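Participant: Protein chains in written order, with the numbering used here: chain A, 167 to 311; chain B, 6 to 659. Glycine included, each C-beta is placed from N, C-alpha and C at the ideal position. Keep in mind it's a predicted model, so treat the numbers as computed, not measured. Below you'll find the structure I mean.
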C-alpha cells in the first residue's frame with residue numbers, strides 16, 4: 167500500500183500461562199521483533215470477548231493478535247477452544263464490516279516458544295504493513311469533524 | 006447496582022519507572038518516560054529508580070503511599086511473572102490493597118526485544134505505561150481467598166526421585182500416595198550396574214530405599230497403576246488412579262514356583278530383551294512389592310501357575326480397579342526414556358548385531374543381568390576384547406531435534422570403560438567423544454584417572470559411519486579431530502551412549518496437570534533459577550529427570566527439594582489463592598444459562614432464574630464472562646471496563 171513508512175498498531179491479547187509467558191521468554195532470550203504490538207494480559211484466551219476485538223478495531227487498531235495455549239494444554243481445560251470458536255465466527259462479521267480477516271490472528275504459543283512468538287509477531291506485523299491501515303480506521307478518520 | 010456506590014474521588018496514582026540497571030534504561034529513555042508518565046490523567050507522582058525491586062525501591066512505594074495518599078500504584082519494570090507479588094506486598098505493607106497495583110512490562114516485552122530501536126522502544130514504553138495507568142484508574146480492591154490444604158501428597162513415578170520425595174514427605178508425617186506404572190518401583194536406577202564416580206553397586210544403594218517405601222506406614226504404594234484424572238486445585242486435588250490387575254494377590258510369597266511352571270517365555274523388559282521372562286514374573290529379584298504379575302498379553306490361561314501356587318494367590322478374575330484419593334499437593338517424578346538409537350541409522354543399531362545401547366551394556370555388565378555380569382557379543386557370545394563407546398547419541402544433535410546435553414553419558418561411558426578394563430585389562434577400550442563433560446563432584450578426577458591409569462583411548466570425533474565385516478566385527482570410521490587424522494577402527498562390540506528423552510505418556514501427564522513443557526519436551530519449571538522444582542500450576546512440583554536430564558545425585562536432591570516445597574502448604578494447612586474469580590451482577594443477569602453451559606468447572610448454576618457462582622470451584626478463566634450476552638458476569642481484576650480502558654489507552658493519547 168501507499169505509505170512505506172506506515173507503522174501499524176497491533177493489539178495483542180495474551181493468555182497468562184502460555185502466550186504471555188512465551189512473550190516473556192522471547193524477552194529473556196533477547197529475540198528481537200518489531201515494536202508494533204501492545205499487549206493486554208488476560209488469564210485465558212477464553213476470556214477474550216469478541217467485543218474486545220471489535221473495540222480494538224473501532225479504536226483504530228490495524229491488527230489484533232490473540233495468543234493462547236496449544237490445544238489440550240489450556241490451563242483451564244479448554245478455554246482456548248472457546249476462543250477459537252468465537253474467533254472463527256468473528257471472521258465473518260469482520261468481513262461484513264469491511265475488515266480483512268487477515269487482520270485478526272489467533273495462534274497457539276506455549277511458554278517455551280519464545281522464538282515462535284517473535285516470529286509470529288514479525289510475520290503478522292509485515293502482513294499488516296502490506297495491508298496498510300485498517301479500512302475501519304480510515305473510514306472513521308474521514309467522518310471526523 | 007449494588008456495590009457500585011464507591012467514592013467517585015479521582016484516584017491518586019504513583020508511577021514508578023525501573024531502570025533495571027541498564028536492562029531497561031540502556032534502551033528506553035527513562036527520564037523522558039518518567040516526565041511523560043507524570044502528566045497522565047490521575048498520576049500524582051512519577052519517579053525513576055535504578056532497581057525498583059530492591060529494598061529502597063520498595064520502601065519508596067510504601068513511603069509514598071502514606072505521604073502522598075496514593076490510591077493506586079503502577080510499576081513499569083519486568084514481567085508480572087517476575088515481580089508482581091513483590092510489588093503487591095510493598096503496596097500491602099504501605100497500607101494499600103495489593104490489587105490496586107498494576108505492572109507495565111517494559112523489560113521482557115519492550116527493552117529486551119527492541120534493543121536496536123531505542124526511540125521506538127521508548128514510544129512503546131509510553132504506550133504500555135499509559136495502558137497500565139488506564140487500567141489502574143479502574144482497579145478495585147480484592148481480598149485473597151484462603152483454602153484448606155489436605156495433608157496428603159500424590160507422587161507420580163517410583164524411580165529414585167519419586168522414592169526420595171515420597172520418603173521425605175512420609176518422614177515428615179504426611180500421607181503419601183506413590184503411583185508407579187510398572188509392576189515394581191525402582192525405575193532406571195534398578196537397571197544400572199554401578200554408579201559413577203563412587204562405583205557403588207546401584208541396586209545395593211537403591212533397594213534398601215525401595216523396602217523403606219514399602220514398609221513406611223505413611224506411604225500407600227500403588228504399582229501397576231496410572232493416574233487417569235486430576236481435578237481441583239492446590240490443597241484439594243481429586244485424583245483418579247487406574248490400577249491394572251496383576252492377577253496375583255498380596256498373598257504371594259514370591260516362592261517362584263509359578264514361573265518355573267509357566268510355559269510361556271517372552272523377552273524381559275527389565276533386561277531390555279537380552280534375557281527372557283515368563284508370562285508370570287517379577288521384573289527383577291529385589292522388586293517392590295515382591296508380588297508376581299501375570300502379563301495378560303502373553304498369558305495363555307493354561308492354569309499351570311495356579312496349580313502350583315501354594316498360598317492360592319492367583320486370581321484370574323481380578324479386574325481393573327479405580328482408586329479415588331483427595332490430595333493437597335502433587336509431585337511429578339515420571340523420569341525419562343532412553344533415546345532410540347535406531348534413529349541414528351549410521352551407527353547401525355538394530356541392524357548390526359554387535360552394536361548395543363548403553364542400558365543394554367549395563368544389563369550385560371550387571372551381576373544380576375542375563376549373563377551374570379559377563380559382557381558378551383550378541384552375535385556369538387564371545388567376550389569382546391576391542392570395545393568402543395560412541396558419545397552424544399541422541400544428544401547435542403540437531404538432526405534428531407535434541408539440542409541439549411544429556412549430562413550423564415560422558416560419565417557413564419567412562420565408568421563402563423573403567424569397569425571393563427578392570428575385568429579385562431588386556432582389552433582395548435575406545436571412547437569417541439565431542440567434548441567430555443565431567444562437571445560434578447569428583448567427576449573430573451574420575452575422568453583423569455581413566456585417561457592416565459586405565460589406558461582408555463579417548464578419541465575426539467563423531468563417527469561418520471559404522472560398518473560390519475564378515476566376522477560380524479564392527480568397523481568405526483571416525484576423524485580424530487585433534488590429530489586431523491581419518492581412522493578406521495575394528496571393534497568386537499560397539500556401545501552407543503544414548504541420551505535421555507521425555508518418557509512415554511509425558512503429554513498425558515502434562516494435560517492432566519496443566520503444566521508446561523520446554524522445547525526439549527521436558528516439563529518446565531516455574532523459574533529456571535529461583536523456582537526450579539515448582540510448576541506454574543500451584544501445588545504441583547517436579548522432581549528428577551522429567552524436568553530435564555540429570556544424574557542420580559541431582560535427581561535425589563530434586564526429590565528432596567520437591568518434597569520440602571510440597572510440605573510448605575501442607576504444614577501451613579491453608580494457602581491463599583488469587584481471588585480473581587467471576588462475579589455475577591444479578592440485576593443484569595437474564596438467566597439465559599449460557600454461562601452454566603460454557604463453564605468447564607461446574608462453578609455456575611441457576612438459582613432463582615439467575616446465575617449463581619460457586620467461588621470455590623471458579624478458576625477465573627473468564628470463558629463465562631466472554632460468553633455472557635449482557636455482560637452480567639465479570640472477572641475480578643479483568644473486567645470488561647478495565648480491558649476496554651487499556652484498549653483505548655493503547656490506541657489513543659490521553
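Which residue wins for smallest C-alpha separation from residue 306 of chain A, given the options A:263, A:255, A:250?
Facilitator: Here the closest residue by C-alpha is A:263.
Participant: What residues of chain A sit near residue 630 of chain B, judged by a beta carbon separation below 8 angstroms?
Facilitator: The answer, in chain order, is 213, 215.
Participant: Return the CA-CA distance between residue 153 of chain B and residue 56 of chain B, expressed in angstroms with no decimal places.
Facilitator: If you take the alpha carbons of residue 153 of chain B and residue 56 of chain B, they lie about 36 angstroms apart.
Participant: Which residues does DSSP list as the beta-bridge partners of residue 274 of chain A?
Facilitator: Residue 274 of chain A is bridged to A:234.
Participant: Please list the residues of the region 120-143 of chain B that have a C-beta atom closer than 9 angstroms to any C-beta atom in chain A, keeping them in chain order.
Facilitator: Those residues of the region 120-143 of chain B that come within reach of chain A (Cβ to Cβ, closer than 9 angstroms) are 120, 121, 122, 125, 126, 128, 129, 132, 133, 136, 140.
Participant: Can you list the residues of chain A that residue 194 of chain B reaches, using a CB-CB cut of under 8 angstroms?
Facilitator: None at all; the shortest Cβ gap to chain A is about 28 angstroms.
Participant: Got a sec? Which residues, its chain only, sit under 8 angstroms from residue 622 of chain B by beta carbon, not counting five neighbours each side?
Facilitator: So the qualifying residues of the chain are 606, 607, 608.
Participant: What residues in the region 599-621 of chain B bring their beta carbon closer than 9 angstroms to a beta carbon of chain A?
Facilitator: Cβ contacts with chain A: 603, 605, 606.
Participant: Keeping to the same chain, check which residues put their C-beta closer than 6 angstroms to that of residue 362 of chain B; ignore five residues upstream and five downstream.
Facilitator: The answer, listed in chain order, is 346, 501, 503.
Participant: What does residue 190 of chain A touch in chain B if you count any residue whose Cβ is under 7 angstroms from its own?
Facilitator: In chain order: 84, 86, 113.
Participant: Identify whether residue 236 of chain B lies in helix, strand or coil by the three-state DSSP scheme.
Facilitator: Here residue 236 of chain B sits in strand by DSSP.
Participant: Quick one: using the 10 Å Cβ neighbour count with 16 as the cut-off for buried, is residue 9 of chain B buried or exposed?
Facilitator: Since pLDDT at residue 9 of chain B reaches only 43, below the 50 mark, its modelled position is unreliable, and no value is offered.
Participant: Tell me which residue opens and which closes the beta strand (DSSP E) that residue 393 of chain B is part of.
Facilitator: Its beta strand (DSSP E) spans residues 391-398.
Participant: In or out: residue 261 of chain A buried (at least 16 other Cβ within 10 Å) or exposed?
Facilitator: The residue is exposed, with fewer than 16 neighbouring Cβ atoms inside 10 Å.
Participant: Is the CB-CB distance between residue 259 of chain B and residue 248 of chain B below 7 angstroms?
Facilitator: Going by C-beta atoms, residue 259 of chain B is not nearer than 7 angstroms to residue 248 of chain B.
Participant: Tell me the start and end of each unbroken beta strand (DSSP E) in the region 443-487 of chain B that is at least 3 residues and wholly inside, in chain order.
Facilitator: Entirely contained in the region 443-487 of chain B, the beta strand (DSSP E) runs reaching 3 residues are, in chain order, 462-465, 470-473, 479-485.
Participant: Excluding the five sequence neighbours on either side, which residues of its own chain have a C-beta within less than 6 angstroms of the C-beta of residue 654 of chain B, listed in chain order?
Facilitator: These residues qualify, in order along the chain: 135, 136, 139.
Participant: Mind listing the chain A neighbours of residue 538 of chain B? Cutoff is C-beta to C-beta under 9 angstroms, in chain order.
Facilitator: Ordered by position in chain A, no residue passes the 9 angstroms Cβ test against residue 538 of chain B, which lies about 16 angstroms from the chain.
Participant: In chain A, which residues lie with their C-beta within 7 angstroms of the C-beta of residue 522 of chain B?
Facilitator: Per Cβ cutoff of 7 angstroms: 278.
Participant: Taking 7 angstroms as the CB-CB cut-off, is residue 265 of chain A touching chain B?
Facilitator: Not closer than 7 angstroms to any Cβ of chain B, the Cβ of residue 265 of chain A fails to qualify, so no.
Participant: Residue ranges of each beta strand (DSSP E) run of no fewer than 3 residues wholly in the region 477-555 of chain B, ordered along the chain?
Facilitator: Qualifying beta strand (DSSP E) stretches, in chain order: 479-485, 490-496, 498-503, 545-547.
Participant: Under a CB-based cut-off of 7 angstroms, is residue 627 of chain B close to chain A?
Facilitator: Chain A, which has a Cβ nearer than 7 angstroms to the Cβ of residue 627 of chain B, makes this yes.
Participant: Please decide whether residue 218 of chain A counts as near chain B, where near means a Cβ-Cβ distance under 7 angstroms.
Facilitator: Answer yes: the Cβ-Cβ gap between residue 218 of chain A and chain B drops below 7 angstroms somewhere.
Participant: When you compare each of A:273, A:269, A:254, A:247 to residue 233 of chain A by their alpha carbons, which one comes out closest?
Facilitator: Ranking the options by Cα distance to residue 233 of chain A, first place goes to A:273.
Participant: Compare the C-beta of residue 167 of chain A against all C-beta atoms of chain B and say whether one is closer than 7 angstroms.
Facilitator: Low confidence applies to residue 167 of chain A: its pLDDT is 47, below 50, so where it sits in the model is not reliable, and the reading given next is rough at best. Answer no: the Cβ-Cβ gap between residue 167 of chain A and chain B never drops below 7 angstroms.
Participant: Kindly indicate if chain B contains any beta-carbon less than 7 angstroms away from that of residue 274 of chain A.
Facilitator: Taking Cβ atoms only, chain B never reaches closer than 7 angstroms to residue 274 of chain A, which makes this a no.
Participant: Near residue 17 of chain B, what residues of its chain come up, given a Cβ to Cβ distance below 8 angstroms and the 5 sequence neighbours on each side ignored?
Facilitator: Cβ within range, chain order: 47, 49, 73, 74, 75, 76, 77.
Participant: Can you pull the chain A neighbours of residue 318 of chain B, defined as C-beta to C-beta under 7 angstroms?
Facilitator: Those within 7 angstroms of residue 318 of chain B in chain A number zero; the least Cβ separation is about 41 angstroms.
Participant: Would you kindly work out how many angstroms separate the C-alpha atoms of residue 340 of chain B and residue 545 of chain B, rounded to a whole number?
Facilitator: Those two C-alpha atoms are separated by around 16 angstroms.
Participant: Nearest to residue 441 of chain B by CA position, among B:483, B:416, B:330, is which residue?
Facilitator: When only C-alpha atoms are compared, the closest one is B:416.
Participant: What separation, rounded to the nearest whole angstrom, lies between the Cα atoms of residue 256 of chain A and residue 302 of chain A?
Facilitator: Rounded to whole angstroms, residue 256 of chain A to residue 302 of chain A spans 15 angstroms at the Cα level.
Participant: According to DSSP, simplified to helix, strand and coil, what is residue 617 of chain B?
Facilitator: Reduced to three states, the DSSP call for residue 617 of chain B is strand.
Participant: For chain B, is any of its Cβ atoms less than 7 angstroms away from the one on residue 299 of chain A?
Facilitator: No, residue 299 of chain A does not count as interfacial toward chain B.
Participant: Can you tell me where the alpha helix (DSSP H) holding residue 35 of chain B begins and where it ends?
Facilitator: Per DSSP, residue 35 of chain B belongs to the alpha helix (DSSP H) from 35-43.
Participant: If you pair each beta-carbon of the region 234-241 of chain A with each one of the region 199-207 of chain A, do three or more pairs fall below 8 angstroms?
Facilitator: Output reads no: the region 199-207 of chain A does not touch the region 234-241 of chain A.
Participant: Going by the beta-carbon positions, is the gap between residue 38 of chain B and residue 22 of chain B smaller than 7 angstroms?
Facilitator: Yes; because the gap between Cβ atoms is below 7 angstroms, this pair is in contact.
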